[in-house]
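Below: one structure, written as structure tokens.
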Amino acid sequence: MTTPHTRERLTRIPTRSVALVTVLGASMLALAACTPGASTAEEPDSQYGFPIVEQKADAPITVWVDASRQPAADAFKAAYPEIPITVETYDGGADGSGSFQTKVQAFNQAGSGWPDVVFSTQNNDAAWASQGDEPFAAPLNKGYFEQSFLDGFTEGALTPLTVDGTVYGLRNDLAPTVTWYDQSLMDEFGYTVPTTWEEYQELGEKVAAEHPGYIIGGVGDAFAEEIYFWGAKAPVNTVVDANTLSSDTSDPYAQDMAAIIDDLLDAGVLAQENVFSPEFVQKYTGKVLMLPGPVWYSGALFSNPDSLNAKPGTIAAGLPLAWEGEDAVAGNVGGGTWFISQHSANLDSAKKFLEFVTSDERYQVDLASGLPAYEAAADKWLAKQAEAGFFAGDFAENVSTASTQVWDGWGYPRFSQEAVWAKTVTPKLAAGESLVDLLSEWEAAIENEAQVNGYTIQ
Amino acid sequence: MTTSSAERSLTDASAGSPRGGRRRRPTSRQRTVTGRWSRVSYVFVSGYALLALAFGVLPTLYAVFIAFLDGDGRFAGIANFTRVVGDFRFWPAVLHVGAFLLVWLVALLVLVTLLALLVHGIGRRWLSSSIRFVYYIPGALAGASSVVLWLFVLNPSVSPVAAVLRAFGFETFVQTVSPANLPVVFAIIAFWTGAGGWIVVMYGALNSIPDEVLEAARMDGAGVVRTALHIQLPMLRKWISYMAVMSLATGAQLFVEPRVLSQASHAVVPSDWSLNQLAYLYAFKQQDLNGSSAIAVILLVVSLGLSTFFVVRGGLFERD
Chain A
1 MTTPHTRERL
11 TRIPTRSVAL
21 VTVLGASMLA
31 LAACTPGAST
41 AEEPDSQYGF
51 PIVEQKADAP
61 ITVWVDASRQ
71 PAADAFKAAY
81 PEIPITVETY
91 DGGADGSGSF
101 QTKVQAFNQA
111 GSGWPDVVFS
121 TQNNDAAWAS
131 QGDEPFAAPL
141 NKGYFEQSFL
151 DGFTEGALTP
161 LTVDGTVYGL
171 RNDLAPTVTW
181 YDQSLMDEFG
191 YTVPTTWEEY
201 QELGEKVAAE
211 HPGYIIGGVG
221 DAFAEEIYFW
231 GAKAPVNTVV
241 DANTLSSDTS
251 DPYAQDMAAI
261 IDDLLDAGVL
271 AQENVFSPEF
281 VQKYTGKVLM
291 LPGPVWYSGA
301 LFSNPDSLNA
311 KPGTIAAGLP
321 LAWEGEDAVA
331 GNVGGGTWFI
341 SQHSANLDSA
351 KKFLEFVTSD
361 ERYQVDLASG
371 LPAYEAAADK
381 WLAKQAEAGF
391 FAGDFAENVS
401 TASTQVWDGW
411 GYPRFSQEAV
421 WAKTVTPKLA
431 AGESLVDLLS
441 EWEAAIENEA
451 QVNGYTIQ
Chain B
1 MTTSSAERSL
11 TDASAGSPRG
21 GRRRRPTSRQ
31 RTVTGRWSRV
41 SYVFVSGYAL
51 LALAFGVLPT
61 LYAVFIAFLD
71 GDGRFAGIAN
81 FTRVVGDFRF
91 WPAVLHVGAF
101 LLVWLVALLV
111 LVTLLALLVH
121 GIGRRWLSSS
131 IRFVYYIPGA
141 LAGASSVVLW
151 LFVLNPSVSP
161 VAAVLRAFGF
171 ETFVQTVSPA
181 NLPVVFAIIA
191 FWTGAGGWIV
201 VMYGALNSIP
211 DEVLEAARMD
221 GAGVVRTALH
231 IQLPMLRKWI
241 SYMAVMSLAT
251 GAQLFVEPRV
261 LSQASHAVVP
271 SDWSLNQLAY
281 LYAFKQQDLN
291 GSSAIAVILL
301 VVSLGLSTFF
311 VVRGGLFERD
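In order, the protein sequence lines correspond to chains A and B.
First residue of the first sequence: 1, per our numbering; consecutive thereafter.
First residue of the second sequence: 1, per our numbering; consecutive thereafter.
Below you can see the structure in the form of structure tokens.
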């Protein structure tokens with residue numbers, strides 16, 4: 001009776017105890033034994049600006065998408081049934097999980113296995129995917145894609161993916177933050193929609209007193225800093241150059257924003273739950289008076305039957321908030337990105353795929369839940385939203401204005417600001433600590449993370 | 001009656017003990033059987049030995065080797081070690097894993113022994129064996145899937161034990177998995193998955209204690225508690241240290257639980273919580289296999305050191 005069990009423990013423990021070393025060791029042994037085939041098969045080809053591997057016209061392409069981008073891959077399959085494609089879903093690197101990077105690094109060690117096309121929710125991925133001895137991402141504007149196609153993207157859309165003038169990926173959607181609000185509740189309570197952060201704070205205090213239980217924002221997400229601090233021009237994530245970063249939470253913009261958040265948290269008008277969590281939906285359906293956040297909240301939260309499921313004609317997207325007497329700027333939360341692997345054996349199919357998913361109406365207008373980054377598709381998407389009349393107010397006008405207002409002082413470093421915020425700030429806010437007091441700790445965490453990723457701190 | 005139980009305890013002793021129990025001088029018949037069987041046993045053992053060599057010993061040696069090299073393959077002395085130890089994430093990870101091990105090992109040693117004694121003390125055979133079976137079930141779930149189950153248990157809005165969580169003042173998932181709670185949370189998960197198996201092992205070990213000894217104790221007027229303290233516990237010493245050594249090795253390499261929890265909590269549980277996670281980040285995020293190996297080697301040395309302590313103090317390699 002005890003024997004099988006004992007045996008099981010004996011085999012199980014060593015298996016687990018060497019798991020990590022095994023992965024390292026096995027891949028290194030494989031490397032040492034056969035030397036990576038990639039470098040021998042590659043021949044430098046200046047035609048595309050990167051060494052291309054031997055191409056096979058009928059090779060299937062492997063595409064990694066997150067669950068939300070599955071429809072994009074399905075739409076491509078329907079449009080091009082003759083192109084063989086294997087679709088794999090992964091977490092999309094959400095919240096800075098780093099799964100895209102760690103998987104690619106493992107393939108680099110093994111010398112094979114790279115996917116051809118990858119979707120990532122993190123638009124700072126180009127910062128690492130363009131670097132290293134074996135950069136993953138293929139340059140797109142050195143002869144691979146037509147410049148006329150690349151010019152079709154909304155101005156600035158490709159900036160996060162551009163390193164030293166080379167474009168390493170295509171933007172799926174734009175994700176400027178806007179000021180979402182519920183027009184019907186505003187009318188019912190007799191409030192006017194704030195246009196500045198100061199008015200926003202005042203409204204929060206008023207709501208707490210007059211209509212407790214309603215919220216005017218949320219800080220429970222890993223990307224809360226991209227809504228509130230990016231949108232407040234806080235110089236917390238300044239990439240000075242390729243290897244220098246500066247972070248200054250003592251700046252008045254950062255301090256003022258933290259004080260506003262503290263004040264509103266005390267008042268109980270900011271949600272501390274993650275917007276994708278069941279608690280959020282449970283507690284705040286019908287109770288969201290305002291919610292500053294990215295444009296993609298439109299499809300992900302408000303019109304999503306599994307989320308807030310708002311009534312048509314109630315929710316409006318207002319312009320980003322400004323500091324009093326200053327011009328408004330928008331923050332930005334992601335906006336997905338598509339990359340093609342330099343190791344792809346079928347660059348033609350990969351190119352067709354990327355052109356389809358970023359610009360074709362059959363996905364970007366008919367199915368996509370966020371604002372397309374490709375301008376022609378964006379215009380049609382906005383027109384479609386206006387026609388559907390789901391959103392109140394001047395949705396198309398405000399969203400396109402916001403997309404030109406994203407503040408350029410927030411950089412795209414090789415590490416995820418979302419992960420730093422989530423582990424340093426989120427649990428302490430949930431425990432009731434003050435954000436103003438946490439700012440220096442947050443700054444230290446950013447600087448630490450930057451340093452281990454090879455940045456010097458200015 | 002006595003014969004059958006004595007037989008049972010002998011079978012259990014030889015089957016359950018990793019060292020084969022008490023050595024008996026083999027009779028001539030047994031010797032030929034042993035001779036024939038020993039060749040077959042090499043075949044059985046070879047499978048394990050080859051895999052252990054390929055996926056255990058060789059990678060370990062390779063890790064030790066490259067831990068002393070720099071990225072270009074030149075000898076680097078202890079540079080990798082000083083670098084990882086100086087990393088701002090290293091000492092917090094050491095503290096996390098240390099706290100987890102402390103909570104978990106103490107709970108495991110005390111509770112498993114106690115529960116095994118209790119189950120062993122149950123007179124009804126069917127009850128005792130069904131309880132052992134129930135204890136064992138969670139261990140049958142693979143690591144990651146059991147963590148997924150715990151994601152629900154730990155979330156006050158969907159948890160079947162939400163009342164307990166609320167009683168501790170946890171209203172949201174983020175509060176439940178706040179940094180201060182994590183060592184305990186992981187210890188509970190690990191206890192839940194692993195303890196049942198050990199209870200079964202301990203039960204087998206308790207069976208190996210000859211009935212005559214227990215009977216003699218009873219005759220001398222020892223109650224249940226005295227018997228447990230003065231007869232059963234000392235005779236379980238080896239088993240307890242065996243459990244400690246094995247669990248220490250597993251626990252020091254905590255990886256799956258914090259990794260899954262990190263993704264599920266939207267990064268509120270950091271991706272660099274444990275040492276093994278840090279080694280993973282070094283290897284696959286920073287492209288620093290040498291640093292990663294240095295962490296692995298440090299883990300190995302510490303685990304070996306602590307295991308030696310348990311082996312020596314627990315008399316694990318002593319013969320009866």
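Note that the Cβ used here is the ideal one computed from N, Cα and C, for glycine as well.
These numbers were taken from a predicted model, which means no experiment stands behind them.
### Task
Alpha carbon to alpha carbon, how far is Ala157 (chain A) from Gly331 (chain A)? Give it in angstroms, no decimals.
14 angstroms
### Message
Using the Cβ count rule (16 or more neighbours within 10 Å means buried), how would you classify Val40 (chain B)?
### Response
exposed
### Task
Check whether the Cβ of Phe88 (chain B) lies closer than 8 angstroms to any Cβ atom in chain A.
yes
### Task
Assign Lys311 (chain A) to buried or exposed, taking buried as 16 or more other Cβ atoms, counted over all protein chains shown, within 10 Å of its Cβ.
exposed
### Task
May I ask which residues mark the beginning and end of the beta strand (DSSP E) holding Phe339 (chain A)?
337-340
### Query
In chain order, which alpha helix (DSSP H) runs of at least 4 residues are fully inside the stretch 278-317 of chain A?
278-284
### Simplified DSSP state of Asn172 (chain A), which is helix, strand or coil
coil
### Simplified DSSP state of Asn123 (chain A), which is helix, strand or coil
coil
### Query
Counting contacts by CB-CB distance shorter than 8 angstroms, is Gly305 (chain B) in contact with chain A?
no
### Task
For Val23 (chain A), I'd like the list of residues in its chain whose CB is within less than 7 angstroms of its CB, leaving aside the five on either flank, ordered along the chain.
Residue confidence is low: Val23 (chain A) scores 45 on pLDDT, short of 50, so the model does not pin down where it sits. Its coordinate-derived value is still stated next. Around Val23 (chain A): no qualifying Cβ.
#### Entry: Length-filtered (4 minimum) alpha helix (DSSP H) runs lying within the stretch 35-107 of chain A
37-41, 70-79
### Message
Any beta carbon of chain A sitting closer than 8 angstroms to that of Lys285 (chain B)?
### Response
yes
### Message
In whole angstroms, give me the CA-to-CA distance for His266 (chain B) and Gln232 (chain B).
### Response
47 angstroms
### Task
With DSSP collapsed to three states, give me the class of Leu382 (chain A).
helix
### Task
Identify the contact partners of Pro270 (chain B) in chain A, using a Cβ-Cβ distance below 7 angstroms as the criterion.
Lys423
### Query
Is the stretch 105-115 of chain B close to the stretch 161-173 of chain B, with three or more CB pairs under 8 angstroms?
no
### Query
How would you label Lys423 (chain A), buried or exposed, when you count the other beta carbons within 10 angstroms and need 16 or more for buried?
buried
### Message
Taking 8 angstroms as the threshold (C-beta atoms), are Ser247 (chain A) and Val240 (chain A) in contact?
### Response
no
### Task
List the residues that DSSP assigns as beta-bridge partners of Leu69 (chain B).
B:Phe75
### Task
Please check if any C-beta of chain A sits within less than 8 angstroms of the C-beta of His96 (chain B).
no
### Gly92 (chain A) and Asp125 (chain A) closer than 8 angstroms at C-beta
no
### Query
How would you list, in chain order, the residues of chain A whose beta-carbon sits under 7 angstroms from the beta-carbon of Thr172 (chain B)?
Gln272, Glu273, Glu279, Ala430
### Message
Is the separation between the beta-carbon of Val110 (chain B) and that of Ile199 (chain B) shorter than 8 angstroms?
### Response
no
### Message
In the DSSP output, what is Pro486 (chain A) paired with across the bridge?
### Response
Nothing about residue 486 (chain A) can be read from this structure; chain A reaches only from 1 to 458.
### Message
Can you confirm whether Gln405 (chain A), when its beta carbon is compared against all beta carbons of chain B, has any partner nearer than 8 angstroms?
### Response
no
### Message
Is it buried or exposed, Cys34 (chain A), if we count other Cβ atoms within 10 angstroms and call 16 or more buried?
### Response
Here Cys34 (chain A) scores only 39 on pLDDT, less than 50, and its place in the model is too uncertain to base an answer on.
### Task
Look up Ser471 (chain A) in the DSSP assignment and say whether it is helix, strand or coil.
Nothing in the structure corresponds to residue 471 (chain A), since chain A is present only between 1 and 458.
### Task
Return the chain-ordered list of same chain residues with a C-beta closer than 6 angstroms to the C-beta of Ser39 (chain A), the five sequence neighbours on each side being excluded.
In this prediction, Ser39 (chain A) has a pLDDT of 41, which is less than 50 and means its spatial position is unreliable; what the coordinates show is noted afterwards. No residues qualify anywhere along the chain.
### Query
Does the beta carbon of Glu443 (chain A) sit closer than 8 angstroms to a beta carbon anywhere in chain B?
no
### Query
Quick one, which residues of the stretch 128-160 of chain B are near chain A if we go by CB-CB under 7 angstroms, in chain order?
Ser157, Val158
### Task
Could you check how far apart the C-beta atoms of Gly220 (chain A) and Thr426 (chain A) are, in whole angstroms? I think they sit under 8 angstroms.
7 angstroms
### Task
Could you tell me which uninterrupted alpha helix (DSSP H) segments, each at least 4 residues in length, are contained entirely in the stretch 158-197 of chain B, listed from first to last along the chain?
162-167, 173-176
### Task
Spell out whether any CB of chain A is found under 8 angstroms from the CB atom of Ser241 (chain B).
no
### Query
What residue range is occupied by the uninterrupted alpha helix (DSSP H) comprising Asp187 (chain A)?
183-189
### Query
Listing by chain order, which chain A residues have their CB less than 9 angstroms from the CB of Ser41 (chain B)?
Ordered by position in chain A, no residue passes the 9 angstroms Cβ test against Ser41 (chain B), which lies about 13 angstroms from the chain.
### Where Thr285 (chain A) meets chain B, residues with beta-carbon distance less than 7 angstroms
In chain order: nothing, as chain B lies at least about 14 angstroms away.
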